[in-house]
Amino acid sequence: MGCCLGKKPSTVVTTNGCGVIHIPQSLATAVNTTMSSNAESPSSPSPPLVIDTMPKTVPVFVALFDYEARTDDDLSFKKDDLLYILNDMQGDWWYAKSKSTGLLGYIPSNYVAPEKSIDAQPYVISFITIAIAYYYLLLLLSLLTVSFICSSLTSLTS
1 MGCCLGKKPS TVVTTNGCGV IHIPQSLATA VNTTMSSNAE SPSSPSPPLV
51 IDTMPKTVPV FVALFDYEAR TDDDLSFKKD DLLYILNDMQ GDWWYAKSKS
101 TGLLGYIPSN YVAPEKSIDA QPYVISFITI AIAYYYLLLL LSLLTVSFIC
151 SSLTSLTS
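And the structure:
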């Protein structure tokens with residue numbers, strides 16, 4: 001399906017310790033050009049300034065399912081891939097960077113979960129769904145509560 005809300009953001013993501021700051025791509029290119037023009041050896045072109053690591057404030061999500069890109073703007077990923085979320089302001093489609101490949105693109109937000117959340121953990125009981133397990137847990141807790149209340153009332157009336 002792909003993201004139909006617009007083009008890729010033309011920003012470079014940095015952090016100031018308080019949150020994410022978006023620097024316009026034109027400003028980042030200007031800084032890059034200035035740095036390369038001030039180089040001591042004008043004969044060798046300097047490579048563009050690329051920082052491979054992401055700041056700790058950028059949220060890391062884990063892929064819950066495989067996703068194959070449907071448009072050029074989408075990002076393909078496999079289950080359990082780690083993704084940096086660069087922009088989550090467009091509803092169901094987030095702009096992300098793959099930690100393993102370094103590629104950028106839009107991803108469906110319902111295919112990922114925060115890395116250190118319960119949703120990202122594998123479910124180990126294969127013969128029962130998590131919804132049914134949750135239902136039985138609530139049923140057990142309600143039966144224990146009713147049993148406790150009944151025994152408390154019985155002891156008060158005796």
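Residue numbering for the sequence shown follows full-length UniProt numbering, beginning at 1 and increasing consecutively. Positions of the beta carbon are idealized from the N, C-alpha and C atoms, including for glycine. Here the structure is a predicted model, which is why all the values come from computation and not from measurement.
Buried or exposed: where does residue i fall if 16 or more other Cβ atoms within 10 Å of its Cβ makes it buried?
i	result
Leu-27	At Leu-27 the pLDDT is 45, less than 50, meaning the model places this residue with poor confidence and gives no usable figure here.
Leu-75	buried
Gly-19	Per-residue confidence for Gly-19 stands at a pLDDT of 46, beneath the threshold of 50, marking its modelled position as unreliable; the derived number appears in the next sentence. Exposed, since its Cβ has fewer than 16 Cβ neighbours within 10 Å.
Ala-63	buried
Ser-142	exposed
Ala-39	At Ala-39 the pLDDT is 46, less than 50, meaning the model places this residue with poor confidence and gives no usable figure here.
Val-146	exposed
Over the uninterrupted alpha helix (DSSP H) stretch that includes residue i, give me the two end residues.
i	result
Tyr-134	130–157
Taking the beta strand (DSSP E) that residue i belongs to, which residues open and close that run?
i	result
Lys-97	93–98
Leu-83	82–87
Ile-118	Element bounds for Ile-118: n/a, residue is neither H nor E.
Can you give the beta carbon distance from residue i to residue j, rounded, assuming they're within the 8 Å contact cut?
i	j	result
Val-60	Tyr-84	6 Å
Tyr-135	Ile-107	Contact flag wrong, Cβ pair sits at about 31 Å.
Lys-56	Leu-82	About 14 Å separates the two Cβ atoms, so there is no contact after all.
Asp-73	Gly-105	6 Å
Leu-86	Lys-97	6 Å
Ala-131	Ala-120	In fact, because the Cβ distance is near 18 Å, the residues do not count as touching under 8 Å.
Asp-92	Ser-109	5 Å
Which residue or residues does DSSP assign as beta-bridge partners of residue i?
i	result
Leu-104	Lys-97
Asp-74	Tyr-106
Ala-63	Val-112
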